[in-house]
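The block underneath contains the structure these notes are about, expressed in structure tokens.
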Amino acid sequence: GAVVSQHPSWVICKSGTSVKIECRSLDFQATTMFWYRQFPKQSLMLMATSNEGSKATYEQGVEKDKFLINHASLTLSTLTVTSAHPEDSSFYICSARRGVYEQYFGPGTRLTVT
Amino acid sequence: AQTVTQSQPEMSVQEAETVTLSCTYDTSENNYYLFWYKQPPSRQMILVIRQEAYKQQNATENRFSVNFQKAAKSFSLKISDSQLGDTAMYFCAFIPLYNAGNMLTFGGGTRLMVKP
Chain A
1 GAVVSQHPSW VICKSGTSVK IECRSLDFQA TTMFWYRQFP KQSLMLMATS NEGSKATYEQ
61 GVEKDKFLIN HASLTLSTLT VTSAHPEDSS FYICSARRGV YEQYFGPGTR LTVT
Chain B
1001 AQTVTQSQPE MSVQEAETVT LSCTYDTSEN NYYLFWYKQP PSRQMILVIR QEAYKQQNAT
1061 ENRFSVNFQK AAKSFSLKIS DSQLGDTAMY FCAFIPLYNA GNMLTFGGGT RLMVKP
């Protein structure tokens, strides 16, 4: 059990367009999900904490108007990168929390902005 | 605030040998969990092992074991009988039990290469 999916796994978009990434907990309910960004050969950087039914909490330096997060249900959180630019190209990973400390990670989404 | 430090950016080991990855952390919390995650080339994060801070006994999962030194705030991972499939990035992570948010704090990672 404890499977988290992400869709799409890979997306290419043109500069100026928006792209949505979905994160789903498939076999458990998650009131809290997390969004990370990972650059090549680096660690995971927490972008925001997504709470079901309330506004996301963004980490310092993350533009909330560029990275829109919606946690509309107990199994789905979405990250929308608005007006994407090449510098937004990265690997985005979500995780879903079950219980107090268990976090299960999605397989990640590679975003390339041309 | 918590910090997690992995002082070895890269390591290599011969297949079937043993390797130890280092991790230190800094926190004022007394109740927390520590984790080692593996990120293979597929980039899927996989939980390798977990240690509860209140437990003195070191956690073990098959070929993976930890050396948890709470006073020294050290949490190293030992991989025995290394296999080619162990080649990956390894991240040490910390989570406080009772702080709001319960967010994971990751170390910078250690890239492990297992050589045939």
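Residue numbers (the numbering used here), protein chains in the order written: chain A, 1 to 114; chain B, 1001 to 1116.
Backbone N, C-alpha and C fix where the C-beta goes; we use that ideal spot for every residue, glycine too.
The beta strand (DSSP E) enclosing PHE1064/B, as first and last residue numbers: Position 64 of the second sequence, counted from the start, is the residue given in the question as residue 1064/B. Under the DSSP assignment, PHE1064/B falls in the beta strand (DSSP E) whose first and last residues are 1064 to 1069.
Rounded to whole angstroms, what is the Cα-Cα separation between SER15/A and HIS85/A? Here the question's residue 15/A lines up with position 15 in the first sequence. Here the question's residue 85/A lines up with position 85 in the first sequence. Roughly 5 Å between the two C-alpha positions.
Which one or two residues does DSSP pair with ASN70/A in a beta bridge? Within the first sequence, numbered from 1, the residue matching residue 70/A stands at position 70. THR78/A, per the DSSP bridge assignment.
For GLN1051/B, return the contacting residues in chain A, with the cut-off set at a CB-CB distance below 8 Å. In the second sequence, residue 1051/B corresponds to position 51, counting from 1. The contacting residues do not exist; GLN1051/B stays about 12 Å from chain A at best.
Mapping the DSSP letters down to three states, classify LEU1104/B as helix, strand or coil. Mapped onto the second sequence, residue 1104/B falls at position 104. In this structure, LEU1104/B counts as coil in the three-state DSSP scheme.
For the ligand MN, is there any heavy atom lying closer than 7 Å to the beta carbon of ALA1016/B? The model depicted lacks the ligand MN and carries no ligand whatsoever.
Just the Cα atoms here: how many angstroms apart are LEU1021/B and PHE1106/B? As a position in the second sequence, residue 1021/B is number 21, starting the count at 1. As a position in the second sequence, residue 1106/B is number 106, starting the count at 1. Using only the alpha carbons, I get a separation of about 14 Å.
Go to TYR989/B, then tell me how far its beta strand (DSSP E) extends in each direction, as first and last residue. The displayed coordinates of chain B run from 1001 to 1116. Any statement about residue 989/B would go beyond what the structure contains.
Amino acids of chain B, ordered along the chain, whose beta-carbon sits closer than 8 Å to that of ARG97/A: Mapped onto the first sequence, residue 97/A falls at position 97. Here the neighbours are ASN1102.
Using the Cβ count rule (16 or more neighbours within 10 Å means buried), how would you classify PRO1096/B? For the purposes of this step, residue 1096/B is taken as residue 96 along the second sequence, with counting starting at 1. Buried: at least 16 other Cβ atoms inside 10 Å.
Span of the beta strand (DSSP E) around VAL1004/B: Working through the second sequence from its first residue, we reach residue 1004/B at position 4. Judged by DSSP secondary structure, VAL1004/B falls within the beta strand (DSSP E) whose first and last residues are 1003 to 1005.
Chain-ordered residues of the region 77 to 106 of chain A with a beta carbon less than 9 Å from chain B: So the close ones are PHE91, ILE93, SER95, ARG97, VAL100, TYR101, GLU102, GLN103, TYR104, PHE105, GLY106.
Short of 6 Å in beta carbon distance, which residues of its chain neighbour LYS64/A, apart from the five on each side in sequence? Order them along the chain. Your numbering for residue 64/A matches position 64 in the first sequence. Excluding residues within five positions, the ones whose Cβ falls inside 6 Å are TYR58.
Counting Cβ pairs closer than 8 Å, one from the region 10 to 28 of chain A and one from the region 74 to 81 of chain A, do we hit at least three? Counting C-beta pairs with one atom in each stretch, the region 10 to 28 of chain A and the region 74 to 81 of chain A have three or more that are closer than 8 Å, which means they touch.
Any chance the region 32 to 40 of chain A sits against the region 97 to 111 of chain A, with 3 or more Cβ pairs inside 8 Å? yes
Beta carbons nearer than 7 Å to chain A: which residues of the region 1072 to 1106 of chain B have them? PHE1091, ILE1095, LEU1097, GLY1101, ASN1102, MET1103, LEU1104, PHE1106
Looking at the strands, I want to know which residues DSSP matches up with HIS7/A. Residue numbering aside, residue 7/A sits at position 7 when the first sequence is read from its first letter. BP columns for HIS7/A point to GLU22/A.
Limits of the unbroken beta strand (DSSP E) element including PHE128/A: This structure cannot settle anything about residue 128/A, because the visible part of chain A is limited to 1 through 114.
Spell out whether any CB of chain A is found under 8 Å from the CB atom of MET1045/B. Within the second sequence, the letter at position 45 stands for residue 1045/B. So, interface residue.
If you reduce the DSSP assignment to three classes, tell me which class GLU1052/B lands in. Walking along the second sequence from the start, residue 1052/B turns up at place 52. Looking at GLU1052/B - three-state DSSP - the assignment turns out to be strand.
Which term fits VAL4/A, buried or exposed, when burial requires 16 or more other beta carbons within 10 angstroms of its beta carbon? Numbered from its first residue, the first sequence carries residue 4/A at position 4. Answer is buried; the Cβ neighbour count reaches 16.
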